[in-house]
Amino acid sequence: MAQRPYIVGNWKMHGTRAMLSEARAIDRAAQRLMKVEVAIAPPYTLIHPAHREADQISVGAQDCHHADGGAHTGDISAAMIADAGAKFVILGHSERRQGHSETDATVKAKAEAALEAGLRVIMCCGESADTRKSGNAAAFVENQLRGSLPETIDSASERLTVAYEPIWAIGTGDTATPRDIGDMHAAIRALLVELYGEEEGREIRIIYGGSVKPDNAGEIFAVAEVGGALVGGASLTADSFMSIALAAAETVDA
Ligand code: PEP
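Under our numbering, the sequence shown has 82 at position 68, and the numbering climbs by one with no breaks.
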């Protein structure tokens, strides 16, 4: 792994200010684990306070709107989350694609807006259980990424991360097998090289998400082309989240 493993917590719609103590504990533990890049994406309401508490970890958002501003009741722009202290944004999560009818084109417009606002982007992709059963998972993910990723990104390897998250593995306790993860990450790598060129495409981190827990993290991080994890449920306590970060640190040469 050329870049440091990237371990990102997606808090989803969990957390009030009481959760800031977990953010502080994650930040303290991350200061002792410099081999790993640790980040959390709390709900919008906690971005600014979590950012103020954080010395080591970066804080990001779980979504943003594609417009700069205007009559979009209930939405929030990339510039607004950056102003609140966000350094990155998760885009195209399956819970957004399914629950908010986000198309590839919507996700791409959001990614362009986020990059324009100076944010890094974690682009999610992943197939349903039916698509995997039909044998079309790789083609589906490739199409989804072709439709969702911006054509050009300056310093793509620094500013873009792809998160492969099979939908059927999110929050279910089921994880993809190491072999399936390896095959999919290799297919995504080939696409990134095609889209962004050999130099940048080889360095863009591809992380895995879907029921990553302290007890399966080591096995997942041992898979070639796995550059970290996007973690939902297990990121809600510092103990379980940082156990996953520790498993990632153990894959890095001393
Ligand atoms: C996620 O929602 O991004 C996720 C991977 O969730 P979980 O770890 O709970 O499966």
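Note that beta-carbon positions come from the ideal geometry of N, C-alpha and C, so glycine has one too. Only a predicted model underlies this, so the values are computations on that prediction, with no experimental measurement involved.
My understanding is that residue i touches residue j, with C-beta atoms under 8 Å, so please give their C-beta distance in whole angstroms.
{"i": "Tyr-222", "j": "Val-240", "result": "5 Å"}
{"i": "Ser-148", "j": "Asp-188", "result": "Going by Cβ atoms, the distance from Ser-148 to Asp-188 rounds to 18 Å, so no, they are not a contact pair."}
{"i": "Leu-34", "j": "Pro-63", "result": "6 Å"}
{"i": "Ile-21", "j": "Val-245", "result": "7 Å"}
{"i": "Ile-73", "j": "Ile-61", "result": "Here residue 73 turns out to be Val, not Ile, going by the sequence shown. That belief holds up - the Cβ atoms of Val-73 and Ile-61 are roughly 6 Å apart, short of 8 Å."}
Expressed to the nearest angstrom, what Euclidean distance is found between the alpha-carbon atoms of residue i and residue j?
{"i": "Ala-177", "j": "Ser-254", "result": "20 Å"}
{"i": "Met-15", "j": "Val-266", "result": "Low confidence applies here, because Met-15 scores a pLDDT of 46, under 50, leaving its location unreliable; read the following figure in that light. Their Cα atoms are separated by approximately 8 Å."}
{"i": "Ala-37", "j": "Ala-183", "result": "25 Å"}
{"i": "Ile-181", "j": "Gly-215", "result": "25 Å"}
{"i": "Gly-88", "j": "Arg-111", "result": "17 Å"}
{"i": "Ala-252", "j": "Ala-259", "result": "10 Å"}
{"i": "Leu-58", "j": "Gly-113", "result": "It should be pointed out that residue 58 corresponds to Tyr in this sequence rather than to Leu. Distance between the alpha carbons of Tyr-58 and Gly-113: 18 Å."}
{"i": "Asp-168", "j": "Arg-66", "result": "28 Å"}
Relative to ligand 1, is the shortest distance from any of its heavy atoms to the C-beta of residue i smaller than 8 Å?
{"i": "Gly-241", "result": "no"}
{"i": "Glu-109", "result": "yes"}
{"i": "Gly-106", "result": "no"}
{"i": "Lys-26", "result": "yes"}
{"i": "Thr-186", "result": "yes"}
{"i": "Gly-282", "result": "Because the chain is modelled from 15 through 268, residue 282 falls outside the range shown and cannot be assessed."}
{"i": "Val-176", "result": "no"}
{"i": "Ser-225", "result": "yes"}
{"i": "Ala-248", "result": "yes"}
Could you tell me whether any Cβ in chain D is nearer than 9 Å to the Cβ of residue i?
{"i": "Asp-89", "result": "In the displayed structure, chain D is absent; only one protein chain is listed."}
Taking only three categories from DSSP, how would you classify residue i?
{"i": "His-79", "result": "strand"}
{"i": "Ile-181", "result": "helix"}
{"i": "Glu-239", "result": "coil"}
{"i": "Arg-219", "result": "strand"}
{"i": "Gly-29", "result": "coil"}
{"i": "Val-52", "result": "strand"}
{"i": "Phe-255", "result": "helix"}
{"i": "Thr-175", "result": "strand"}
{"i": "Ile-71", "result": "coil"}
{"i": "Ser-91", "result": "strand"}
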